[in-house]
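See structure below.
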Amino acid sequence: MIPSSTIRSVLVALLKRHFPTCEVHFSTNFKAKADYFYIELLEKQTFIDKVYRDRDIDVSIHFVPIPDARGRICRSKLYEAEEKLDEIFLSVIQIGDRFITVQDTSSRIVSEVLHFDFHLQFADNIELAPLDRMGELKVNGVSLDLSEEEE
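In our numbering, each residue carries its 1-based index in the sequence shown increased by 47.
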């Protein structure tokens, strides 16, 4: 099972490796003094059975450049970030011991913010908590010891 926290950690590590001067946030940061990324994850799960589920995680990465002294945004910075994000994510992403293929990406620039989107689609197992076994059961006055496991 891949926890959501592990997916977030991998995304942050990839962004920090390729954009070392940018911060990475999971909420908007109006007080930022440098360019930053804002990540949103939206997950959809389809249960296959008691053990497996299909997961589809919509990853939306927003690149927010800080305006210069005159309040302008350099659009070439947005285009460069878009190309770099394509290089990073349009391939196989390793999350723990799993390798997940990103089939396609999409991007758009709205209000001088780059919106870069892709999906992580994979099957995952469900970790079930161990159940406590019943120790003794009394049926019609007869005690049955159920604590021993059957072989």
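Quick reminder that beta carbons are idealized off the backbone N, C-alpha and C, glycines included.
Cβ distance (whole Å) where residue i is taken to contact residue j below 8 Å
i           : j           : result
residue 85  : residue 65  : That belief does not hold up - the Cβ atoms of residue 85 and residue 65 are roughly 16 Å apart, past 8 Å.
residue 104 : residue 162 : In fact, because the Cβ distance is near 16 Å, the residues do not count as touching under 8 Å.
Closest Cα partner of residue i within the set the options
i           : options             : result
residue 174 : 55, 59, 100 and 133 : 100
residue 168 : 146, 55 and 118     : 146
residue 129 : 52, 110 and 58      : 110
residue 92  : 98, 83 and 102      : 102
residue 132 : 51, 52, 190 and 58  : 58
residue 79  : 98, 48 and 115      : 115
Residue range of the alpha helix (DSSP H) that includes residue i
i           : result
residue 185 : Residue 185 -> not in any alpha helix (DSSP H); beta strand (DSSP E) instead, spanning 183 to 186.
C-alpha distance - residue i paired with residue j, whole-angstrom precision
i           : j           : result
residue 106 : residue 164 : 6 Å
residue 112 : residue 120 : 7 Å
residue 89  : residue 55  : 12 Å
residue 179 : residue 142 : 32 Å
residue 51  : residue 117 : 40 Å
residue 185 : residue 150 : 57 Å
Start-to-end residues for the beta strand (DSSP E) that takes in residue i
i           : result
residue 54  : Unbroken run through residue 54 is the alpha helix (DSSP H), 51 to 65; no beta strand (DSSP E).
residue 90  : 83 to 94
residue 68  : Where residue 68 is concerned, there is no enclosing beta strand (DSSP E), given that its DSSP letter is neither H nor E.
residue 173 : Counting along the chain, residue 173 falls outside any beta strand (DSSP E), and DSSP gives it neither H nor E.
Residue ranges of each alpha helix (DSSP H) within the stretch 103 to 140, 4 or longer:
If we require 4 residues or more, the alpha helix (DSSP H) runs fully inside the stretch 103 to 140 come out as 122 to 136.
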